[in-house]
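Sequential numbering from 1139 applies to the sequence shown in the working numbering.
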Amino acid sequence: MPAALGTTGAAAVGAYVTKGVQYRREARRTFRLSDPPAPGSAAFARLVESWCGGPLRAGNRVEVLRNGAEIFPSMLDAIASASRTIDFSTYIFWKGETANAFGEAFMERARAGVEVNVLVDGWGSAPMDRALVARMEQAGVNFAWFRTPHWYTTDKLNNRTHRRILVIDGKLGFTGGMGVADEWSGDAENPKNWRETHLRIQGPAVRDLLGAFADNWIEETGRVPSGAHLPEIEAFDDGVEVQVSKSAAAQGRAAAEALFFAAIAGARERLWFTTAYFSPRQALVDELVAAAVRGVDVRILVNGPHIDKQVVRRAGHRSYQPLLEAGVRLFEYQRTMMHAKVVVADDRWANVGTANFDNRSLALQNEMNCTTIDDAIVAELEKHFLDDFDGSEEIDLDRWRRRPLRSRAFELVSGAVRHSL
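Set out below in structure tokens:
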């Protein structure tokens, strides 16, 4: 695996150029809606199903988990409870105490006779401890790398799986932005502990999470996960509606971008975004501007100084001025790295997923979004937004116009390579 990474350098230049050509072609693509339905409406759910392929399923119980202090214990408890199957996929599985805790949890269940399937991205998880991988395999864990980089696979070098999925016994699921790394530990109380949002889901929508896992698992292993153990999943009478959409933009399924376009175009009163990486193409900027002009309360929460990829932050700055001039409110998070991917539209519709507001998520990677239609969930996420706004610096238009020439130069250079950011 490490050697494969070392042999891709020269050939990757060709892939980079190819992606640049693809980006320029996709930059002209847009999603036109003559009469967009409001997010949360039945018409909107039908639109998302037709565009993104995910049916609206009723009867789910959904719990919002905030930061590693809530996410990790909930997931590890779920893994420990597994009696038949564990299906897990992640983009990031790095070295450290958190990785060891998950590895030990997987091994314990595998030794107990549970079918444990673990899929990690071959690029995002390159720093993973190979000794831990070997121990997991020896314990009976079915482990696979997704699209390990090789010189002969440079055409897919940028096409990663960014999905984060955990399904327990086919009936309990988790998804969101969390990675398996110490950076997510704690409660975002300092710059070493990242801010994150994840969902715990029970009910019929879990089958769609498993389907998203199976997409990538079958590609790498040729095996259908959990086929013999899929249970009947009953809907909860007090449950909420959930819609899962899978995106594989490089294969022509730009579901994440279509979902964002639909939410922006359909929002009536409010549209709040949180994203780790904000570098949208012009068509999305235009749609956000149009929403603000028609009176929608548009707020975008992005990373400030603690972002792990400054070049992405600089590239996103190119979009600030037209957004601010239209009335969009922009906030840069100051407490730590903001890694959550959350959207709230109006009062009933919310989305938590793996997709960022950048070209990698919307045009290159495999992503997954999970939308809910429920007043209580939206109200809880609104509280999170308000607290995060308090921990942010709002960008002032007049001050932004006076930013130094050096900053403008960085934006220009970063923007030139934004198709691969």
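We put the CB at the ideal spot given by N, CA and C, even for glycine.
None of the values given here were measured: they were computed from a predicted structure.
- Proximity of the region 1472-1486 to the region 1507-1520 meets the contact definition, three or more beta-carbon pairs being nearer than 8 Å.
- Shown here, Q1503 sits in coil according to DSSP, grouped into three states, outside any helix or strand.
- In the three-state DSSP reduction, M1316 falls in the coil class, being neither helix nor strand.
- One thing to note: E1321 has its Cβ within 9 Å of the Cβ of W1232.
- Shortest Cα-Cα distance from A1220 to any of A1239, F1244, M1476 involves F1244.
- A distance of 9 Å or more separates the beta carbons of E1246 and P1363.
- For Y1415, DSSP records no beta bridge to any residue.
- For Y1471, the enclosing beta strand (DSSP E) begins and ends at 1467-1471.
- When DSSP assignments are scanned along the region 1404-1453, the uninterrupted stretches of beta strand (DSSP E) that are 3 or more residues long and fall wholly within it turn out to be 1408-1412, 1435-1441.
- As summarised for the region 1205-1266, the continuous beta strand (DSSP E) elements at least 3 residues long and confined to that stretch are 1223-1228, 1253-1259, given in chain order.
- Between L1337 and L1214, the beta carbon gap of about 16 Å keeps them out of contact (Cβ cut-off 8 Å).
- Taking 9 Å as the cut-off, the Cβ atoms of N1296 and N1504 do not count as close.
- The three-state reading of DSSP puts R1195 in strand, counting E and B together.
- Residues of the same chain with a CB within less than 6 Å of the CB of E1531, apart from the 5 flanking positions on each side, are E1470, Q1472 in chain order.
- Of the candidates M1476, D1534, R1451, R1333, D1534 places its Cα closest to the Cα of E1463.
- The C-beta of E1379 has 16 or more other C-beta atoms within 10 Å across all chains shown, which makes the residue buried.
- Beta-bridge partners assigned by DSSP to W1487: A1483, I1511.
- Annotation: the continuous alpha helix (DSSP H) that includes W1189 extends over 1180-1190.
- In the structure shown, N1280 adopts extended strand secondary structure according to DSSP, grouped into three states.
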